[in-house]
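Novice:
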Amino acid sequence: MRVALLIIVFLFLLAFFAGTLVAIRSEGLNVLSVLSVVIIALMAIGIFGALASGADRDE
Numbered sequence: 326m327r328v329a330l331l332i333i334v335f336l337f338l339l340a341f342f343a344g345t346l347v348a349i350r351s352e353g354l355n356v357l358s359v360l361s362v363v364i365i366a367l368m369a370i371g372i373f374g375a376l377a378s379g380a381d382r383d384e
């Protein structure tokens, strides 16, 4: 289940990044483009870090 979720999240973030690259190509690099890349990177770090660390179980 975890691997499937990682693949889905990766594709989701890849689509956002591709959209950002298309916007940069058509309109040029600006502050909002840089902000978009930073937000996508923060989302990727947080999501992949949470999914990679596993669940803490008190048993």
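When you line the sequence shown up against this note's numbering, it's residues 326 to 384, in that order. Don't be surprised by glycine CBs; every beta carbon is placed ideally from N, CA and C. The structure displayed is predicted, hence computed values, not measured ones.
1. State yes or no: is the C-beta of Phe-341 within less than 9 Å of the C-beta of Ser-358?
2. With a cut-off of 8 Å, do at least 3 Cβ pairs link the stretch 364 to 378 to the stretch 348 to 356?
3. Could you check how far apart the C-beta atoms of Ile-364 and Leu-338 are, in whole angstroms? I think they sit under 8 Å.
4. So what's Met-368 in DSSP terms, helix, strand or just coil?
Specialist: In terms of the structure at hand:
1. It is not a contact, given that the beta carbons lie outside the stated cut-off.
2. Output reads no: the stretch 348 to 356 does not touch the stretch 364 to 378.
3. Cβ-Cβ separation between Ile-364 and Leu-338: approximately 10 Å, too far for a contact (criterion under 8 Å).
4. Helix.
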